[in-house]
Amino acid sequence: MKKVLPMLALRGKYIYPNSVIHFDVSRSKSVRAIEEAMQNDQMIFLNNQIDPAMEDPKSYDLYQIGTLAKIRQVVKLPQNIIRVFAEGMFRAEITEICEEEPIFRVEVAYQHTEQQVFEEDEKEAVFRALKESFEKYTGVWNQMDPNVYSYILMQTDLEVFVDHLATHLPFSLQNKQKLLEEMDLKQRCSLMLVLLEQELRLAYLRLDIQEKVKESIDDNQREYMLREQLKVIREELGETNIADEADEFLSQLSEMEADDEVKDKIKKEISRFQAMGNSAAESAVLRTYIEIMLDVPWEKLSEDSMDLEEAETILDEDHYGLKKVKERVLEYLAARAMSQKKDAAILCLVGPPGTGKTSIARSIARATHKEYVRLSLGGVRDESEIRGHRKTYVGAMPGRIVAAIRQAKVRNPLMLLDEVDKVGKDQRGDTASALLEVLDGEQNEHFRDHYLEVPLDLSDVLFIATANDLSTIPKPLLDRMEIIEVSSYSENEKFHIAKNYLVKKQMEANGLTPKEIVWKDDALRLLIDSYTREAGVRSLERAIGNVSRKVTKDIYQGKKKKVTVTKKAVRDYLGNAPYELEKESLKDETGIVHGLAWTSVGGVMLNVEVNTMSGKGKFIVTGSLGDVMKESAQAAVSYIRSQSTKYKIKDDFFDTHDIHIHIPEGAVPKDGPSAGITMTVALLSAITGRKVRGTTAMTGEVTIRGQVLAIGGLKEKMLAAKRAGMTKVLVPKANEKDVKEFDKEITDNIEIISVKKIEDVIKEALLSE
Numbered sequence: 001m002k003k004v005l006p007m008l009a010l011r012g013k014y015i016y017p018n019s020v021i022h023f024d025v026s027r028s029k030s031v032r033a034i035e036e037a038m039q040n041d042q043m044i045f046l047n048n049q050i051d052p053a054m055e056d057p058k059s060y061d062l063y064q065i066g067t068l069a070k071i072r073q074v075v076k077l078p079q080n081i082i083r084v085f086a087e088g089m090f091r092a093e094i095t096e097i098c099e100e101e102p103i104f105r106v107e108v109a110y111q112h113t114e115q116q117v118f119e120e121d122e123k124e125a126v127f128r129a130l131k132e133s134f135e136k137y138t139g140v141w142n143q144m145d146p147n148v149y150s151y152i153l154m155q156t157d158l159e160v161f162v163d164h165l166a167t168h169l170p171f172s173l174q175n176k177q178k179l180l181e182e183m184d185l186k187q188r189c190s191l192m193l194v195l196l197e198q199e200l201r202l203a204y205l206r207l208d209i210q211e212k213v214k215e216s217i218d219d220n221q222r223e224y225m226l227r228e229q230l231k232v233i234r235e236e237l238g239e240t241n242i243a244d245e246a247d248e249f250l251s252q253l254s255e256m257e258a259d260d261e262v263k264d265k266i267k268k269e270i271s272r273f274q275a276m277g278n279s280a281a282e283s284a285v286l287r288t289y290i291e292i293m294l295d296v297p298w299e300k301l302s303e304d305s306m307d308l309e310e311a312e313t314i315l316d317e318d319h320y321g322l323k324k325v326k327e328r329v330l331e332y333l334a335a336r337a338m339s340q341k342k343d344a345a346i347l348c349l350v351g352p353p354g355t356g357k358t359s360i361a362r363s364i365a366r367a368t369h370k371e372y373v374r375l376s377l378g379g380v381r382d383e384s385e386i387r388g389h390r391k392t393y394v395g396a397m398p399g400r401i402v403a404a405i406r407q408a409k410v411r412n413p414l415m416l417l418d419e420v421d422k423v424g425k426d427q428r429g430d431t432a433s434a435l436l437e438v439l440d441g442e443q444n445e446h447f448r449d450h451y452l453e454v455p456l457d458l459s460d461v462l463f464i465a466t467a468n469d470l471s472t473i474p475k476p477l478l479d480r481m482e483i484i485e486v487s488s489y490s491e492n493e494k495f496h497i498a499k500n501y502l503v504k505k506q507m508e509a510n511g512l513t514p515k516e517i518v519w520k521d522d523a524l525r526l527l528i529d530s531y532t533r534e535a536g537v538r539s540l541e542r543a544i545g546n547v548s549r550k551v552t553k554d555i556y557q558g559k560k561k562k563v564t565v566t567k568k569a570v571r572d573y574l575g576n577a578p579y580e581l582e583k584e585s586l587k588d589e590t591g592i593v594h595g596l597a598w599t600s601v602g603g604v605m606l607n608v609e610v611n612t613m614s615g616k617g618k619f620i621v622t623g624s625l626g627d628v629m630k631e632s633a634q635a636a637v638s639y640i641r642s643q644s645t646k647y648k649i650k651d652d653f654f655d656t657h658d659i660h661i662h663i664p665e666g667a668v669p670k671d672g673p674s675a676g677i678t679m680t681v682a683l684l685s686a687i688t689g690r691k692v693r694g695t696t697a698m699t700g701e702v703t704i705r706g707q708v709l710a711i712g713g714l715k716e717k718m719l720a721a722k723r724a725g726m727t728k729v730l731v732p733k734a735n736e737k738d739v740k741e742f743d744k745e746i747t748d749n750i751e752i753i754s755v756k757k758i759e760d761v762i763k764e765a766l767l768s769e
């Protein structure tokens, strides 16, 4: 007999014929199926999901055989949950899926149990065997409700009895499904006997475990009981016990290279661990501590190489330009090799982002055959990040220094302390002070990590630090380091780096070959001049990668077989250039002067604008300027007022006019003294009406007596001026020594004029009246 009915997928809940169960429904599809059944004859087909965790099963995620049931009662509960009471009627099998949405609607065929194979005596024998097994099981593990137990034993029909057992006994879901699908009553009874025997063995095992635990503990110590149960279970499973672990630790200790103090400490902790046993809460902490102590390379050293020729070759292979940096690095390595002193100065590579500081450190490691580990210190504010936590704290671990030594697996790696200028301090301690011990050759031979509790020798570690800005490094830390400045790249250096390194790197990263992509020189120069404005080459590498990915896509889709990247192709792939030179900014104007500034990411143009207007002598300075820059503006005004007669300024001008100095990009904080001469020229231009040369830039500090003082970061400022199209740059005479060290490509096509007094600046910058 076949019938079309709504179907509901159950999750781990089984119903058999002649049994009543209840289950809760909340899924919308299931709720609709219940509602439809209630509107008709209350009949519904219940079957199970193969995976109970699946939230929205399809027809192929369900078993084919289930139970035809009649809904007896529906109760609405809070949170849109419906409790359904259903009575199992017949086993049934899906013959056709009629619908899957909005509910499952299926055609099912009734399945009848085959009973004719049983003889009467055999049936009675099986019935009694099942009852005996059931009673024996409940006698050993009596977790069943007494009313349910009595009700099951009252059954006189064998099929009904077996189905009730299947409903109420804790079989696995797979075995419950097997009992549901078995249509031969004889086979179903045999399967039930086997499952009852299995449950009986499990019950005996559980009882045995409980008995063993109860003999050794007080019933009131619940936590201790749970631990003892876990202990017995581990013994039953034959897991490695604590004595074996201790033996393994002692074996590793005997093979480990370390001084007596370290070995005695580890041996002492192993003895404590062995005596403690698994039941102690501290055993896991001790196990971790011993494992870490055994993992630290206390005396393991790698063979270093101090071959300067090899080092020079590797540095030249990995980096274009940086001539002075390479010379300083080679001098440092030579001095370290010759002196054999462990307390040699620590190298600190300082420069804008993307200029190759981290890459240089990696090359030094390769040249000296040292293991390379990198320690990022940016944003580290907790002293414990360096020194570690004492092992009494929950979740304690060694500090980053010890972690890096473990990572290197030797005691003499090259350790890069990246972004050392960005370490901070708060109420948890001063990270910079913790680094003092690490970097001091007199102290780091006995560096104590709080977690290890014994000294670790760091004197053989080659430390190299990197930073963007020296001004933020604490003075005591700075004194322990030898500074090597890695300055900004010129356009020509960027071009060679892009052509010889970055293009090849991005071709490999994007699966391209030289036959598929060819870069024209003018396309690379366009990327450098108009698509990236930076001190280093990171943005340039990203831009090359962006073009390479687009080329890869075109080739993969079959649109092109080979791409020659020209200036037009760059514009097509990347759109409008964000840094096209604005000719407007090179015009001669009144009250606007091109200044130059240094930032941690390279040099930038800094325009100073001045307006004068009728007023009462107010002096306004805007543009998020710091105290030093505001004082420079005051100094500029003082100088001009003292020279009023010389520059033909009326005596009452400063009493009858307001002066407003503004530096654009007001959201960006600015500070420093190097805009002094720029402000002075802009003020004089606005007051006298004389125009400023639009292709002239300048930098320098000014005194109220008109002296021009030296400034820093001149190379970065010169590169910024060149990028902006300046043809003349005014620099303090005290900086002539820096100018002499510039490469020719920096000074090409740009006139550098040294100025000693502000009169020299005005003469070069302002047009004649």
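FYI, the UniProt record's numbering numbers position 749 of the sequence shown as 749, with every residue one higher than the one before it.
Heads up, the beta-carbon is just placed ideally off N, CA and C, and yes, glycines get one too.
With contacts defined by Cβ atoms closer than 9 Å, I386 and V461 do not form a contacting pair.
By the Cβ test, the region 590-609 is not in contact with the region 542-562, since fewer than three Cβ pairs between them sit closer than 8 Å. Scanning D316, A337, A682 for the CA closest to the CA of S359 turns up D316.
By alpha-carbon distance to T727, the top candidate from L709, T747, I711, G712 is T747.
For secondary structure counted as the beta strand (DSSP E) over 3 or more consecutive residues, the region 655-723 holds these complete runs in sequence order: 657-662, 696-698. For I517, the uninterrupted beta strand (DSSP E) segment begins and ends at 517-519. The residue from E181, E331, H450 with its alpha-carbon nearest to that of E309 is E331. Counting only runs that start and end inside the region 395-448, the alpha helix (DSSP H) elements of at least 4 residues fall at 400-408, 431-439.
Secondary structure of M54 (DSSP, three-state): coil. K757 is a Cβ neighbour of G706, given a cutoff of 9 Å. The C-beta of I103 has 16 or more other C-beta atoms within 10 Å across all chains shown, which makes the residue buried. Under the three-pair Cβ rule at 8 Å, the region 6-26 counts as touching the region 64-80. Nearest in C-alpha terms to H594, of all of E631, I677, Y579, D572, is I677. Check the Cα spacing between I497 and each of L540, T113, V126: the tightest is with L540. Here C189 is buried: its Cβ has 16 or more other Cβ atoms, across all protein chains shown, within 10 Å. Annotation for G545: the continuous alpha helix (DSSP H) segment containing it runs 538-556.
Between W141 and E199, the C-beta spacing is below 9 Å.
Within its own chain, the residues whose Cβ lies closer than 8 Å to the Cβ of T513, once the five positions on either side in sequence are excluded, are M507, listed in chain order. Y579 is the residue among L10, Y579, G626 whose C-alpha sits nearest the C-alpha of S530. Rounded to whole angstroms, the separation of the alpha carbons of E493 and N444 is 39 Å. The beta-carbon separation of I44 and L8, rounded to 6 Å, stays under the 8 Å limit for a contact. Going by C-alpha positions, G356 is about 55 Å away from P57.
Comparing C-alpha distances from L478 to each of S433, E516, V454, R448 shows the shortest one belongs to S433. Between the region 653-671 and the region 690-700 there are fewer than three C-beta pairs closer than 8 Å, too few to call the two in contact.
Comparing alpha carbon positions, the residue from K268, Q229, I50, L226 closest to A246 is K268. A Cβ-Cβ contact shorter than 9 Å links E371 with S302. Annotated three-state conformation of Q506 is helix, per DSSP. Listed in chain order, the beta strand (DSSP E) elements of length 3 or more contained wholly in the region 100-134 are 104-111. Judged by beta-carbon spacing, Y451 lies beyond the 9 Å limit of Y204, meaning their Cβ atoms are not closer than that value.
The C-beta distance from L414 to A365 rounds to 4 Å, short enough to fall under 8 Å.
With a cutoff of 9 Å on beta-carbon distance, L416 and I473 are scored as not near each other. For N576, there is no enclosing beta strand (DSSP E), since its DSSP letter is neither H nor E. Per DSSP, the unbroken beta strand (DSSP E) holding L347 starts and ends at 346-350. When Cβ pairs closer than 8 Å are counted between the two stretches, the region 518-529 is seen to touch the region 563-575, the count reaching three or more. Using a 10 angstroms sphere on the CB of R83, the tally of other CB atoms stays under 16, which defines it as exposed. Rounded to the nearest angstrom, the gap between the Cα atoms of L193 and S172 is 15 Å.
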